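Peer 1: I have a structure here, written as structure tokens, and I will follow up with some questions on it.
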Ligand code: ATP
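Given below as structure tokens:
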């Protein structure tokens, strides 16, 4: 499933050079983005980057100052919110406290004067989809937070929108329930085939649920890719730094054999051998981004890998499944490395002030223009 790679596929949503200003403040800056049918698409970025504004423009609560939004090829500019095949689910769920679960789900259908038997059919279908059959006659205060979240979802899918917008949908749930609900959301999205666009602060959540993620900054989309693409091949220091943990080492690049480069980052330190994805000019400033789990920490250098550096352990965080090591290189540069603890007992573990070796391969990191 990768409609974004299929030239035959028409996007469901197209932002075409969309700018949104509030007075003199530019919230969305000449943004162009396609989202496809059946995608679970995540908008990710720091507070104030414009995620909610994009959702509100899709729903029709805001209009672009410039540019066009197309849904299914139609310019939705003149179409009011209630006439769009778009629904929005809010973090607060906004359930009616005096209505039962089934009446909450039926609410939109009744308002549309759908006939009684189709309403009943649709409501039972939605109850089944969200596993709420047993709670149909209860009121919102008689069910759990996770169940309320599912009622809100059932209600927003009852009218079979083409597009469902989810604004921090799991924000009110605790971590365990949140993780479980992420899988339920994915399952329901897949079963209904509805296009979901989710806004979340939580990068792990975006990575878990989404087919693709747009990483935003100051009203611009910096990178759109699959979760793995964003994580493995970030296009900028901003994206590398925003998603997960990363070490950034800045230096000057020089061509080496076999299309590789050497990055000189400190006086007297062995340069880093790396594989660039784009041509790099001799002497060019680059930023080398490497994830902690790509660095092996050991008593001896690992000669199957191209890069080695001495390091002193300054801190260890034991996290159960993994440990994170904070290390200092002879150059004074600080890096972190991460290793699983599965086989920890089989070897002597490291402790503070231990002098160790760091090893990583020439393909372990990403060379970025800075
Ligand atoms: P958060 O994650 O905190 O919800 P966000 O990425 O969703 O942030 P938006 O709510 O889209 O951000 O807001 C983007 C920017 O536009 C913010 O700086 C916000 O203050 C500004 N903004 C949003 N709505 C208005 C408005 N009606 N009038 C003036 N400024 C606004």
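Numbering (UniProt numbering), first residue to last: 10 to 379.
For every residue, glycine included, the Cβ atom is placed at its ideal position computed from N, Cα and C.
This one's a predicted model, so the numbers in the text were calculated from it and none came from an experiment.
#1: Does the count of Cβ pairs from the stretch 266-273 and the stretch 70-87 closer than 8 Å reach three?
#2: Taking 7 Å as the cut-off, is the CB of residue 59 close to at least one heavy atom of the ligand ATP?
#3: Go ahead and pull the three-state DSSP assignment for residue 65.
#4: For my contact list, residue 216 and residue 236 are in at a C-beta cut-off of 8 Å; report their separation, rounded to the angstrom.
#5: Let me make sure I understand the geometry here. Which of 20, 201, 99, 115 has the alpha-carbon closest to that of residue 84?
#6: Less than 7 Å between C-beta atoms, sequence neighbours within five positions excluded: which residues of the same chain meet that for residue 296?
#7: To which residues of the same chain is residue 254 closer than 6 Å at the C-beta, ignoring the five residues directly before and after it?
#8: Whether or not the stretch 55-65 and the stretch 19-39 are in contact is what I'm after, with contact meaning three or more pairs of Cβ atoms, one per stretch, closer than 8 Å; do they touch?
#9: Taking buried to mean at least 16 other C-beta atoms within 10 Å of its own C-beta, is residue 190 buried or exposed?
#10: Can you list, in chain order, the residues of its chain with a C-beta nearer than 7 Å to that of residue 283? Leave out the 5 residues immediately preceding and following it.
#11: Just to confirm before moving on: does the CB-CB distance between residue 205 and residue 162 stay below 8 Å?
#12: Would DSSP call residue 181 helix, strand or coil?
#13: Can you tell me whether residue 309 is helix, strand or coil according to DSSP?
#14: What's the C-alpha gap between residue 336 and residue 86?
#15: Given 7 Å as the limit, tell me if residue 210 has its C-beta closer than that to any heavy atom belonging to the ligand ATP.
#16: Please confirm whether any heavy atom of the ligand ATP lies closer than 7 Å to the CB of residue 56.
#17: When we look at the beta-carbon of residue 369 and count the other beta-carbons within 10 Å, is it buried (16 or more) or exposed?
#18: For the stretch 208-281, list the beta strand (DSSP E) runs that are entirely contained and at least 3 residues long, ordered along the chain.
#19: Determine the burial state of residue 207: buried for a count of at least 16 other Cβ atoms within 10 Å of its Cβ, exposed for fewer.
#20: Going by Cα to Cα distance, which pick from 365, 359, 312, 140 is closest to residue 319?
#21: Contact defined as beta carbons within less than 8 Å: I believe residue 213 pairs with residue 179. What is the distance between those atoms, to the nearest angstrom?
#22: Rounded to a whole number of angstroms, what is the C-alpha to C-alpha distance between residue 326 and residue 305?
#23: How long is the line joining the alpha carbons of residue 177 and residue 52, rounded to whole angstroms?
#24: With a threshold of 7 Å, establish whether the CB of residue 62 neighbours any heavy atom of the ligand ATP.
#25: Less than 8 Å between the CB atoms is what I'm expecting for residue 141 and residue 156, so what's the real figure, rounded?
#26: If you draw a straight line from the alpha carbon of residue 203 to that of residue 11, how long is it in whole angstroms?
#27: Is the separation between the beta-carbon of residue 96 and that of residue 168 shorter than 8 Å?
#28: Going by DSSP, what residues sit across from residue 364 in a beta bridge?
#29: Would you check whether the ligand ATP has a heavy atom nearer than 7 Å to the C-beta of residue 36?
Peer 2: Looking at the atomic coordinates:
#1: Too few Cβ pairs lie closer than 8 Å, so no.
#2: yes
#3: helix
#4: 4 Å
#5: That would be 20, whose Cα lies nearest to the Cα of residue 84.
#6: 246, 257, 259, 377, 379
#7: 301
#8: yes
#9: buried
#10: 269, 270, 272, 297, 371, 374, 376
#11: no
#12: coil
#13: coil
#14: 54 Å
#15: yes
#16: yes
#17: buried
#18: 221-226, 229-234, 256-264, 270-273
#19: Of the other Cβ atoms in all chains shown, 16 or more fall within 10 Å of the Cβ of residue 207; this residue is therefore buried.
#20: 365
#21: No, residue 213 and residue 179 are not in contact; Cβ-Cβ is about 11 Å, not under 8 Å.
#22: 16 Å
#23: Computed Cα separation, rounded: 10 Å.
#24: Annotation for residue 62 indicates a beta carbon within 7 Å of some heavy atom of the ligand ATP.
#25: 7 Å
#26: 15 Å
#27: yes
#28: DSSP output for residue 364 lists 321 as bridge partner(s).
#29: yes
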